[in-house]
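One structure below.
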Amino acid sequence: MNKLLSTTSLALALGAALSVTAAPNMALADEAAPQEKCFGVALKGQNDCKAGPGTTCAGTSKIDYQGNAWSMVPKGSCEQVESKTSSTGFGQLQAFSEKSS
59 MNKLLSTTSL ALALGAALSV TAAPNMALAD EAAPQEKCFG VALKGQNDCK AGPGTTCAGT
119 SKIDYQGNAW SMVPKGSCEQ VESKTSSTGF GQLQAFSEKS S
């Protein structure tokens with residue numbers, strides 16, 4: 059029983075140690091990837107920041123694909139992300155007024 063407990067404890071400790079050392083490296087990789095603000099792609103309440111007059115910041119967009127609310131996306135991908143309110147049908151690099159349905 060003690061040998062099984064020791065083996066299990068060792069395996070758990072090793073797994074925890076590997077997780078702790080890998081986590082900062084993954085975070086650095088994410089931070090190193092260039093990002094850009096993409097307007098009109100966030101769902102209601104899921105924007106990264108800025109959602110127009112009367113709102114504060116992250117998570118304050120009032121509608122899906124709000125034209126003046128943005129989310130960070132990998133650089134170069136914004137204008138390929140769907141936006142149902144954009145005149146182009148895709149995210150934009152500048153705030154815009156939503157098109158009428």
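Residue numbers (this note's numbering): 59 to 159. We put the beta carbon where it would ideally sit given N, CA and C, even for glycine.
Contact under 8 Å by Cβ, residue i with residue j
| i | j | result |
| --- | --- | --- |
| residue 116 | residue 97 | no |
| residue 148 | residue 156 | no |
| residue 123 | residue 143 | yes |
| residue 120 | residue 92 | no |
Buried versus exposed call for residue i [16 or more other C-beta atoms within 10 Å across all chains shown]
| i | result |
| --- | --- |
| residue 125 | buried |
| residue 79 | Unreliable positioning characterises residue 79 in this predicted model, as indicated by a pLDDT of 46, which lies under 50. The coordinate reading is nonetheless provided below. The residue in question, residue 79, is exposed, as its Cβ has fewer than 16 Cβ neighbours within 10 Å. |
| residue 152 | exposed |
Residues that DSSP places opposite residue i in a beta bridge
| i | result |
| --- | --- |
| residue 150 | 97 |
| residue 107 | 128 |
| residue 160 | As shown, the chain starts at 59 and ends at 159. That puts residue 160 outside it, with no answer to give. |
Option nearest residue i by Cα separation, candidates the options
| i | options | result |
| --- | --- | --- |
| residue 100 | 129, 94, 136 and 137 | 129 |
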